[in-house]
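Enquirer: Numbering (my numbering), first residue to last: 1 to 262.
We treat Cβ as the ideally placed atom computed from N, Cα and C, and that holds for glycine.
Just so we're clear, the structure is a prediction, and the values are computed from it rather than from any experiment.
#1: With the cut-off set at 7 Å, would you say residue 101 and residue 64 are in Cβ contact?
#2: Quick one: Cα of residue 93 to Cα of residue 104, how far?
#3: Pop quiz: residue 22 and residue 30 are said to be a contact at Cβ under 8 Å. What is the actual Cβ separation, rounded to whole angstroms?
#4: Am I right that residue 122 and residue 173 are in contact with their C-beta atoms under 8 Å? What's the rounded C-beta distance?
#5: Just tell me which of 8, 153, 226, 193 has its CA closest to the CA of residue 212.
#6: Could you please give the first and the last residue of the uninterrupted alpha helix (DSSP H) stretch that includes residue 21?
#7: Under 7 Å Cβ to Cβ from residue 171, same chain only, skipping five residues before and after it: list those, please.
#8: Assuming contact is defined by CB atoms lying nearer than 7 Å, are residue 143 and residue 157 in contact in what I supplied?
#9: Can you look up residue 94 in the DSSP assignment and give me helix, strand or coil?
#10: Do the stretch 59-78 and the stretch 123-134 make contact, defined as three or more Cβ pairs closer than 8 Å?
#11: Considering only residues of the same chain and omitting the five flanking positions on each side of residue 214, which have a CB-CB separation below 8 Å?
As structure tokens, then:
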């Protein structure tokens, strides 16, 4: 079925066409996967290490385009149901994985338009600063530090007994020497040591967890986010949405009865 046929059969149909690069343009028939779509947006020029980009996980363009599709479909359904020029009318939604990721590059695109290059490890938030960084521990684990604000950075420096670092938070980027100094300090002890010191230091710290650790995390358990899988990440009036098992096999009459049809 093409677009015109579907619209003839059901003028109120909301038709979402999700593709790699969109339904028009020179790349419309070009094959690709997540790594290619993200590559087309400029994002990889500002992420990773100086030596090379780093693949994103989970596949970001897949998730971004899925969310964009949901938002667009809901908008079309709302417009169809409300008084106005689109009441009763369907919509044809052309959504691409590449453009969904491109929409997330507003910061980088704005900077580029103003002549500012967001090269890898050159920015406060992409690896250029000591206060916003991953660090390896003695037991080959990692911690994350997000002490962007001055008081968080001061709390971290005091917790690791290096108050002399406080004044260096906003040294010129990239802060290679400062990053190396912090890395040496963190590498001197296992992750559990830093967990005991930094959790209560109020410095925007968190251990880098693996999936098993994340599932067992006290916060996740308290909030009930894992139940045979990861649940919907929102509560409604203080309660999680009810969980329903997907229908696997049902005949037409049963389906109509479930939908309330006679």
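Expert: Well, looking at it:
#1: The Cβ atoms of residue 101 and residue 64 lie closer than 7 Å to each other.
#2: Distance between the alpha carbons of residue 93 and residue 104 is about 19 Å.
#3: Between residue 22 and residue 30 the beta-carbon gap is near 10 Å, outside 8 Å, which marks them as no contact.
#4: So it is a contact: roughly 6 Å between Cβ atoms.
#5: Closest option to residue 212, Cα to Cα, is 226.
#6: Unbroken run through residue 21: none, as it is neither H nor E.
#7: Hits under 7 Å: 178.
#8: No, Cβ-Cβ distance for residue 143 and residue 157 is not below 7 Å.
#9: Residue 94 falls in the strand class under three-state DSSP.
#10: Of all C-beta pairs linking the stretch 59-78 to the stretch 123-134, fewer than three are shorter than 8 Å, placing the two stretches out of contact.
#11: The answer, listed in chain order, is 220.
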